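Residue numbers for the sequence shown follow the UniProt record's numbering, so the first one is 1 and each next one is one higher.
Backbone N, C-alpha and C define an ideal beta-carbon position, used for all residues, glycine too.
Quantities reported herein were computed from a predicted structural model and do not represent experimental measurements.
Worksheet: the structure to be examined is printed underneath.
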Amino acid sequence: MDNVTSLDEIEPQQSPRYHLGIAEQGKLYAIAGDHKTALKYYRYAIKLTSALGHPEVFFRHYLECVLESLEHMQAYDELLEYCDKAVALFEETGKNEVIENGANDSEEVDLMRLDVASIYLRKGIVFYKKKDIDQACDCFQLCKNHLKHSKHTLPLLSVMERWIKGGWHVDEHRIKQEQVRHKYFTVVKENIKSALAITLPNDVLASAF
1 MDNVTSLDEI EPQQSPRYHL GIAEQGKLYA IAGDHKTALK YYRYAIKLTS
51 ALGHPEVFFR HYLECVLESL EHMQAYDELL EYCDKAVALF EETGKNEVIE
101 NGANDSEEVD LMRLDVASIY LRKGIVFYKK KDIDQACDCF QLCKNHLKHS
151 KHTLPLLSVM ERWIKGGWHV DEHRIKQEQV RHKYFTVVKE NIKSALAITL
201 PNDVLASAF
């Protein structure tokens, strides 16, 4: 993959522009089907934004990119572990209670509700693919709980619940068609800002692990 921006051309590494560019490069790898390399970029971006104490919205977006690549790779067990860690993070910071009970209707909180609901939706879809319908149903219910106080919706949730209610087991190809139709995936060509992308030397990238 062609380098878009080299290290000596970028803004200071303390700038959000730096880890944003790294994540954008990861997205370019993901679109090309190289999800293993994409994951290295996403994880490095997460490492940077966490170390710098930048707004949590960056962390949440990069985490979503990680989950998406793991799903494309069918690395379902690892994906579920990441989902659980993400939900635990909300619980540890006390944000989950605010998100669930509707005590704060700010846009930031509502976006957090959507993020957590999306995590449960993703978990439910993975359990459905693994033919664990009971676990899938539990996750879809938690997804609905988090959307209860939100102005946002996740139309794919209704599709999944309809399939379960009808007793249908739909294959992964059909599921992906619905995911695309409902704009489930964040990392798509039209959303990538390739002009911002920053490539990293292999030794730097290795430190993402």
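Between the Cα of residue i and those of the options, spot the shortest distance and give me the residue it belongs to.
i: S56; options: K131, A75, M112, T37; result: At residue 56 the sequence reads Glu, which differs from the Ser that was named. Ranking K131, A75, M112, T37 by Cα distance to E56 puts M112 first.
i: I22; options: S207, D203, T199; result: T199
i: R17; options: F58, A32, K27; result: F58
i: residue 210; options: K123, D134, D110; result: Any answer about residue 210 is impossible in this case: the structure gives the chain only from 1 up to 209.
i: V195; options: S50, E78, K27, A136; result: It is worth fixing the name first, because residue 195 is Ala in this sequence and not Val. Comparing Cα positions, the closest option is K27.
i: I164; options: L63, C139, S69; result: C139
i: G53; options: Q14, Y62, L70; result: Q14
i: D84; options: Q74, S118, E107; result: S118
i: E81; options: C137, Y29, Y120, K36; result: Y120
i: H182; options: Q141, A86, P155, H146; result: P155
i: I133; options: L48, V170, F90, E108; result: V170
i: H146; options: V126, L114, Q135, D203; result: L114
i: F127; options: D77, K176, K144; result: D77
i: C143; options: K129, T49, I125; result: I125
i: A75; options: L48, H149, P201, K130; result: K130
i: G167; options: L48, L67, C137, S106; result: C137
i: E108; options: L89, S150, E92; result: S150
i: K189; options: L79, I31, V180; result: I31
Taking the beta carbon of residue i as the centre, do at least 16 other beta carbons fall within 10 Å, making it buried, or is it exposed?
i: V187; result: buried
i: Q25; result: buried
i: D8; result: Only weak support is given to the placement of D8: the predicted model assigns it a pLDDT of 42, under 50, and the question is left unresolved by the model.
i: G33; result: exposed
i: V116; result: buried
i: K123; result: buried
i: K193; result: exposed
i: K40; result: buried
i: A38; result: buried
i: S69; result: buried
i: R60; result: buried
i: D2; result: Its pLDDT being 46, under 50, D2 is placed unreliably by the model, and the measurement read from it follows with that caveat. By the neighbour-count rule (16 or more Cβ atoms within 10 Å), D2 is not buried but exposed.
i: E71; result: buried
i: A51; result: exposed
i: H173; result: exposed
i: E64; result: buried
i: S207; result: exposed
i: V204; result: exposed
i: V66; result: buried
i: A86; result: buried
Does any C-beta atom of chain C lie closer than 8 Å to the C-beta of residue i?
i: P201; result: Checking the listed chains, one finds no chain C in this structure; it contains a single protein chain.
| field | Unbroken stretches of the alpha helix (DSSP H), 4 residues or longer, contained in the segment 8-71 | value | Counting whole runs of 4 or more residues, the segment 8-71 contains the alpha helix (DSSP H) stretches 16-31, 35-52.
| Which ranges would you report for the beta strand (DSSP E) in the segment 73-151 if only whole runs of at least 3 residues count? | none
| said: Which runs of the beta strand (DSSP E) at least 3 residues long sit entirely within the segment 176-207? Give them in chain order. | reply: Counting only unbroken stretches of 3 or more residues, no beta strand (DSSP E) element lies wholly within the segment 176-207.
| said: Assess contact between the segment 148-163 and the segment 33-44, defined as three or more Cβ pairs (one per stretch) separated by less than 8 Å. Is contact present? | reply: no
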